[in-house]
Amino acid sequence: AAMREERIQKTKTVCTYCGVGCSFDVWTKDRKVLKVEPHPQSPANGISTCVKGKFGWDYVNSEDRLQKPLIRRGDYFEEVEWDEAISYVAQRFNEIKAEKGADHLAFIGSSKATNEESYVMQKLSRQVIGTNNVDNCSRYCQAPATKGLFRTVGYGGDSGSIDDIASAKLVITIGSNTAESHPVLASRIKRSQKLFDQKLFVFDLRKHEMAKRADRFYQPKSGTDLVWLSAVTKYILDQGWENKSFLNEWVNGFDEYRESLEPFTLEYASEMTGISIDELKALAKEISSAESVAVCWAMGVTQHMRGSDTSTAISNLLLITGNYGKPGTGAYPLRGHNNVQGCSDFGSMPNFFPGYEKVDDEEVRARYEKAWGVELPKKIGMDNHEMIKAIHDGELSSMYVMGEDTGIVDANINYVTAALEKLDFFVVQDLFLTETAEYADVVLPASPSLEKEGTFTNTERRIQRLYQSFEPLEGTYPDWMIIQMIAKEMGYDWNYQHPSEIMQESASLAKLFAGVNYELLEGYKSLQWPVAEDGTDSPLLFTEGFPFEDKKAKLYPLTFELKYDTNEEYDLHVNNGRLLEHFHEGNMTYRIEGIVRKTPQAFIEVSEELSKERGIQEGAEVKLISEAGEATGIVTITDRVKGKELFLPLSGRGKTAINYLTDNRVDKDTDTPAYKEIAVKMKVLKKK
Ligand code: SF4
Numbered sequence: 253a254a255m256r257e258e259r260i261q262k263t264k265t266v267c268t269y270c271g272v273g274c275s276f277d278v279w280t281k282d283r284k285v286l287k288v289e290p291h292p293q294s295p296a297n298g299i300s301t302c303v304k305g306k307f308g309w310d311y312v313n314s315e316d317r318l319q320k321p322l323i324r325r326g327d328y329f330e331e332v333e334w335d336e337a338i339s340y341v342a343q344r345f346n347e348i349k350a351e352k353g354a355d356h357l358a359f360i361g362s363s364k365a366t367n368e369e370s371y372v373m374q375k376l377s378r379q380v381i382g383t384n385n386v387d388n389c390s391r392y393c394q395a396p397a398t399k400g401l402f403r404t405v406g407y408g409g410d411s412g413s414i415d416d417i418a419s420a421k422l423v424i425t426i427g428s429n430t431a432e433s434h435p436v437l438a439s440r441i442k443r444s445q446k447l448f449d450q451k452l453f454v455f456d457l458r459k460h461e462m463a464k465r466a467d468r469f470y471q472p473k474s475g476t477d478l479v480w481l482s483a484v485t486k487y488i489l490d491q492g493w494e495n496k497s498f499l500n501e502w503v504n505g506f507d508e509y510r511e512s513l514e515p516f517t518l519e520y521a522s523e524m525t526g527i528s529i530d531e532l533k534a535l536a537k538e539i540s541s542a543e544s545v546a547v548c549w550a551m552g553v554t555q556h557m558r559g560s561d562t563s564t565a566i567s568n569l570l571l572i573t574g575n576y577g578k579p580g581t582g583a584y585p586l587r588g589h590n591n592v593q594g595c596s597d598f599g600s601m602p603n604f605f606p607g608y609e610k611v612d613d614e615e616v617r618a619r620y621e622k623a624w625g626v627e628l629p630k631k632i633g634m635d636n637h638e639m640i641k642a643i644h645d646g647e648l649s650s651m652y653v654m655g656e657d658t659g660i661v662d663a664n665i666n667y668v669t670a671a672l673e674k675l676d677f678f679v680v681q682d683l684f685l686t687e688t689a690e691y692a693d694v695v696l697p698a699s700p701s702l703e704k705e706g707t708f709t710n711t712e713r714r715i716q717r718l719y720q721s722f723e724p725l726e727g728t729y730p731d732w733m734i735i736q737m738i739a740k741e742m743g744y745d746w747n748y749q750h751p752s753e754i755m756q757e758s759a760s761l762a763k764l765f766a767g768v769n770y771e772l773l774e775g776y777k778s779l780q781w782p783v784a785e786d787g788t789d790s791p792l793l794f795t796e797g798f799p800f801e802d803k804k805a806k807l808y809p810l811t812f813e814l815k816y817d818t819n820e821e822y823d824l825h826v827n828n829g830r831l832l833e834h835f836h837e838g839n840m841t842y843r844i845e846g847i848v849r850k851t852p853q854a855f856i857e858v859s860e861e862l863s864k865e866r867g868i869q870e871g872a873e874v875k876l877i878s879e880a881g882e883a884t885g886i887v888t889i890t891d892r893v894k895g896k897e898l899f900l901p902l903s904g905r906g907k908t909a910i911n912y913l914t915d916n917r918v919d920k921d922t923d924t925p926a927y928k929e930i931a932v933k934m935k936v937l938k939k940k
């Protein structure tokens with residue numbers, strides 16, 4: 253009995269399922285997860301977790317885990333030893349670089365991998381290969397939010413902590429299905445509503461759980477959030493309700509901005525959004541008179557052609573009302589993946605080194621050149637979207653994708669997979685043989701979070717450690733080790749023994765993380781960036797001004813033009829998003845028995861009005877056709893959507909995958925696909 257007890261271990265880990273960043277103890281016996289036990293000192297979640305964090309771990313022992321590297325031989329894969337796989341990858345990278353140039357190669361980091369793994373991925377790309385063609389999936393989701401914040405307040409992250417959201421007097425969520433996408437954060441809001449009279453205003457196309465709980469719920473027409481935000485801001489100024497002292501002390505660009513608001517009259521906004529003039533006035537009054545306002549937003553804002561501008565409009569409104577730099581205030585783009593914040597923070601981006609320092613800044617580049625002993629590329633690299641186009645144009649020959657099912661999650665599946673087929677050499681590193689891996693020339697089997705050490709950064713810029721619960725599954729390695737093996741084979745012996753050494757190097761180079769080290773992150777301790785050299789971190793940003801030269805924020809003028817709409821032929825609008833039980837495209841959660849039993853497949857939500865108008869019954873099979881492609885699925889009739897709005901979970905697989913419908917339109921400032929702007933027509937295939 254004593255021996256059996258010894259095999260039971262308890263290690264701290266961080267959940268891999270969303271940006272809330274819940275941490276907890278995992279009880280394991282050998283490779284079996286016995287239970288997940290929240291810890292009162294968990295900074296983001298205390299003793300709470302949601303269904304995914306609590307039960308979502310079976311995928312680690314799934315029979316589908318890859319355990320040997322694969323090399324394509326014609327139309328089948330051959331299992332090979334690691335030595336052979338690594339030397340083949342290195343050889344092909346070298347050949348392509350020599351024949352076509354370094355910019356013919358591209359690298360995709362993973363928002364599910366650790367900060368240290370993002371760091372070594374961009375180091376491989378920049379130092380070893382010599383290209384800035386490195387990006388990550390924040391391009392698919394959060395890049396517009398980051399852009400809007402960079403433009404106005406200078407840091408691309410949440411302004412404060414989850415505690416600030418919980419203590420705000422008024423919380424506004426826009427395009428966020430918080431209860432399903434960020435469950436533990438939603439519970440905090442529900443609690444504050446009940447106990448502290450916090451007000452909640454929800455803006456969404458769908459009447460989801462938080463919408464039903466909201467003090468006010470609005471369903472503005474798809475893609476028009478920028479308009480009501482700007483009109484409300486203008487009305488606040490017209491009434492003289494702005495925070496004058498804050499504006500005087502902390503904000504630049506007022507006159508030009510005020511002028512730019514002229515077109516955003518209440519009449520125009522009401523016509524564009526469908527929100528009445530009286531309601532817009534009431535909103536302006538509530539927002540300007542609230543003691544503290546926190547605005548949370550997600551993909552419902554960012555995945556539009558004007559995603560960056562709408563994020564900017566949110567920040568403009570917060571500046572005008574003085575809602576930055578005080579507890580309970582600020583801008584909160586709710587990061588989706590567990591480490592989507594960290595993956596960008598640590599440099600898997602075509603224009604930034606770690607800590608958002610520019611690749612085309614001489615001084616910054618010189619710092620990295622000195623540390624890495626090579627001359628580094630000056631030219632800004634390609635982002636994900638540009639990479640796919642470049643393959644079609646014959647300008648990109650090779651990609652290395654870590655932990656990303658690009659072939660399903662990027663917009664316009666038909667166009668993306670056609671590109672993947674054209675690659676001369678394609679490396680995929682993952683836990684499973686994903687749909688994307690089917691296109692690969694080499695597949696490298698990696699280890700998931702429970703099998704490795706490192707750090708993740710959650711939505712509140714909080715860096716937290718995860719500890720290894722058990723050894724990597726036989727035949728697999730943590731991503732950082734695999735990347736290190738490739739670098740070594742190509743002549744760069746980094747010789748990291750542990751991820752802490754990668755963090756140390758990163759902290760010595762990136763100002764944002766100057767004081768970060770593993771000791772300060774021991775156990776349940778955490779640090780919120782920026783972290784000064786002496787280890788002081790920053791739970792609440794902007795308390796002493798903004799990170800611009802004169803410490804003042806910038807109001808950013810915007811214009812609006814509705815670029816997208818349904819039309820006579822494509823008369824329905826499809827929205828899409830997460831379900832509580834499933835994570836993104838579902839590679840992990842569809843391998844968890846309990847979850848699959850509860851939510852076995854995706855569906856298409858149809859409104860009661862539309863179902864009556866077209867005689868569609870619950871359970872009917874329908875085909876949706878967009879200009880880019882078609883998807884089929886089973887109908888569920890619900891009051892969550894209204895009128896001609898449809899909803900498709902993004903965990904749909906096979907023929908129900910949403911990205912058969914999405915196309916190549918992107919946010920004009922960041923190339924984030926406009927996943928949420930899809931017009932379709934619907935055909936009933938089977939009545940039921
Ligand atoms: Fe994991 Fe997010 Fe659920 Fe927390 S709220 S347990 S981080 S999925």
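Last residue of the sequence shown? That's 940 in the UniProt record's numbering, and every number before it is there in order. All C-beta atoms, glycine included, are put in the ideal place defined by N, C-alpha and C. This one's a predicted model, so the numbers in the text were calculated from it and none came from an experiment.
Whose C-beta lies closer than 8 Å to the C-beta of Glu-509 among residues of the same chain, with five residues either side of it excluded? What you label residue 509 is simply residue 257 of the sequence shown in a count that begins at 1. Residue identity check: residue 509 is Tyr in the sequence provided, not Glu. Same-chain partners within the cutoff: Asn-568, Leu-807, Tyr-808, Pro-809.
Anyone know if the C-beta pair for Val-611 and Asn-575 falls short of 8 Å? Sequence index remark: in the sequence shown, residue 611 carries index 359 (1-based). Sequence index remark: in the sequence shown, residue 575 carries index 323 (1-based). Not in contact: Val-611 and Asn-575 (Cβ atoms no closer than 8 Å).
What residues in its chain sit with their C-beta under 7 Å from that of Asp-923, if we drop five residues either side in the sequence? As a working mapping, residue 923 is identified with position 671 in the sequence shown. Cβ neighbours of Asp-923 beyond the five flanking positions: Arg-391, Asp-635, His-637, Glu-638.
Would Asn-819 be called buried (16 or more neighbouring beta carbons within 10 Å of its own) or exposed? What you label residue 819 is simply residue 567 of the sequence shown in a count that begins at 1. By the 10 Å Cβ count, Asn-819 comes out exposed.
According to the neighbour-count rule (16 or more other Cβ atoms, all chains shown, within 10 Å of its Cβ), is Asn-429 buried or exposed? Along the sequence shown, read from residue 1 onward, the residue named residue 429 stands at position 177. Buried, since its Cβ has 16 or more Cβ neighbours within 10 Å.
Under a Cβ-count criterion, where at least 16 other Cβ atoms within 10 Å of its own Cβ denotes burial, should Pro-292 be classed as buried or exposed? Here the question's residue 292 lines up with position 40 in the sequence shown. Exposed, by the Cβ-count rule.
Hey, how far is the Cα of Tyr-822 from the Cα of Glu-873? As a position in the sequence shown, residue 822 is number 570, starting the count at 1. As a position in the sequence shown, residue 873 is number 621, starting the count at 1. Their Cα atoms are separated by approximately 19 Å.
Identified DSSP bridge partners for Trp-549: On the sequence shown, residue 549 is found 297 positions in, with the first residue counted as 1. Answer is Ile-426, Pro-585, bridged to Trp-549.
Under the three-state reduction of DSSP, which class applies to Ala-253: helix, strand or coil? Locating residue 253 in the sequence shown gives position 1, counting from the first residue. In this predicted model, Ala-253 has a pLDDT of only 45, less than 50, meaning its place in the structure is not dependable; the value taken from the coordinates is given anyway. In the structure shown, Ala-253 sits in coil (DSSP, three-state: anything other than H, G, I, E or B).
Any residues whose CB sits closer than 5 Å to a heavy atom of ligand 1? List them in chain order? Cys-267, Tyr-269, Cys-270, Val-272, Cys-274, Thr-301, Cys-302, Lys-304, Gly-305, Pro-435, Val-436
C-alpha gap between Gly-829 and Gly-427, whole angstroms: Position 577 of the sequence shown holds residue 829. Position 175 of the sequence shown holds residue 427. Whole-angstrom Cα-Cα distance: 10 Å.
Roughly how many angstroms separate the alpha carbons of Glu-621 and Arg-378, rounded to a whole number? Position 369 of the sequence shown holds residue 621. Position 126 of the sequence shown holds residue 378. When rounded, the distance between both Cα atoms is 10 Å.
Per DSSP, which one or two residues make a beta bridge with Ala-805? The count along the sequence shown starts at 1 and reaches residue 805 at position 553. Beta-bridge pairing links Ala-805 to Val-503.
Name, in chain order, the residues that DSSP records as bridge partners for Pro-697. On the sequence shown, position 445 is the one that residue 697 refers to. For Pro-697, which the question treats as bridged, DSSP gives the partners Asp-682.
Counted within 10 angstroms of its Cβ, other Cβ atoms place residue 950 as buried (16 or more) or exposed: For residue 950 there is no data in the structure shown, the boundaries of the chain being 253 and 940.
In chain order, what residues of the same chain have a beta carbon less than 8 Å from the beta carbon of Cys-274, not counting five sequence neighbours either side? Walking along the sequence shown from the start, residue 274 turns up at place 22. The residues are Val-266, Cys-267, Pro-290, Ser-294, Ala-296, Asn-297, Ser-300, Thr-301, Cys-302, Gly-305, Val-436.
8 Å Cβ cutoff met for Lys-804 and Val-503: Start at 1 with the first residue of the sequence shown, and residue 804 comes out as number 552. Start at 1 with the first residue of the sequence shown, and residue 503 comes out as number 251. Contact flag set, yes.
For Phe-307, count neighbouring Cβ atoms within 10 angstroms of its own Cβ and tell me buried if that reaches 16, exposed if not. Counted from its first residue, the sequence shown places residue 307 at position 55. Looking at its Cβ environment, which holds 16 or more other Cβ atoms inside 10 Å, Phe-307 is buried.
Segment limits, beta strand (DSSP E) that includes Gln-593: Residue mapping note: residue 593 aligns to position 341 of the sequence shown, counting from 1. Per DSSP, Gln-593 belongs to no beta strand (DSSP E); it is in the alpha helix (DSSP H), 592–597.
Nearest-angstrom beta carbon gap, Gly-706 and residue 237 [assumed within contact, 8 Å]: Beyond the ends of the chain as shown, which are 253 and 940, falls residue 237; an answer cannot be given.
How close, in whole Å, do the beta carbons of Pro-585 and Ala-397 come, if the pair is a contact with beta carbons under 8 Å? Counting from one through the sequence shown, the residue named residue 585 turns up at place 333. Counting from one through the sequence shown, the residue named residue 397 turns up at place 145. Indeed, because the Cβ distance is near 3 Å, the residues count as touching under 8 Å.
Do you know offhand how far Glu-656's Cα is from Ser-363's? As a working mapping, residue 656 is identified with position 404 in the sequence shown. As a working mapping, residue 363 is identified with position 111 in the sequence shown. When rounded, the distance between both Cα atoms is 8 Å.
Can you tell me whether Arg-558 is buried or exposed, with buried defined as 16 or more other CB within 10 angstroms of its CB? On the sequence shown, position 306 is the one that residue 558 refers to. It is buried - the Cβ of Arg-558 has at least 16 other Cβ atoms within 10 Å.
Alpha-carbon spacing of Phe-684 relative to Glu-703, whole angstroms: For the purposes of this step, residue 684 is identified with residue 432 of the sequence shown, where counting begins at 1. For the purposes of this step, residue 703 is identified with residue 451 of the sequence shown, where counting begins at 1. Between Phe-684 and Glu-703, the C-alpha separation is close to 15 Å.
When burial is assigned at 16 or more other CB atoms within 10 Å of the CB, is residue 240 buried or exposed? This structure leaves residue 240 out entirely; the chain is present only between 253 and 940.
Where in the region 512–567 do unbroken runs of the beta strand (DSSP E), each at least 3 residues long, occur, reported from the N-terminal end onward? 545–549
For Arg-324, name the three-state secondary structure that DSSP assigns. Locating residue 324 in the sequence shown gives position 72, where the first residue counts as 1. If DSSP states are grouped into helix, strand and coil, Arg-324 belongs with the strands.
Does DSSP put Lys-935 in a helix, in a strand, or in coil? For this step, residue 935 is matched to residue 683 along the sequence shown. Looking at Lys-935 - three-state DSSP - the assignment turns out to be strand.
For Glu-882 and Lys-875, believed in contact at Cβ under 8 Å, the rounded distance: Within the sequence shown, the letter at position 623 stands for residue 875. Within the sequence shown, the letter at position 630 stands for residue 882. Confirmed, about 6 Å.
Are the Cβ atoms of Asn-603 and Thr-709 separated by less than 8 Å? In the sequence shown, the residue the question calls residue 603 occupies position 351. In the sequence shown, the residue the question calls residue 709 occupies position 457. Not a contact, by the Cβ cut-off of 8 Å.
Which of helix, strand or coil DSSP assigns to Gln-756: The sequence position of residue 756 within the sequence shown is 504, counting from 1. Three-state DSSP puts Gln-756 in a helix.
Cα-Cα separation between Ser-444 and Gln-450, rounded to whole angstroms: Here residue 444 is taken as the residue at index 192 of the sequence shown, counted from 1. Here residue 450 is taken as the residue at index 198 of the sequence shown, counted from 1. Rounded to whole angstroms, Ser-444 to Gln-450 spans 6 Å at the Cα level.
Where does the unbroken alpha helix (DSSP H) through Gly-659 begin, and where does it stop? Mapped onto the sequence shown, residue 659 falls at position 407. Start and end: 658–661.
Pick helix, strand or coil for Glu-508, following the three-state DSSP scheme. Here residue 508 refers to the residue found at position 256 when the sequence shown is read from its first residue. In the structure shown, Glu-508 sits in a helix (DSSP, three-state: H, G or I).
Using a Cβ-Cβ cut-off of 7 Å (strictly less than) and excluding sequence neighbours within five positions of Val-372, which residues of its own chain qualify? The residue you call residue 372 lines up with position 120 of the sequence shown. Hits under 7 Å: Trp-732, Ile-735, Gln-736, Ile-754.
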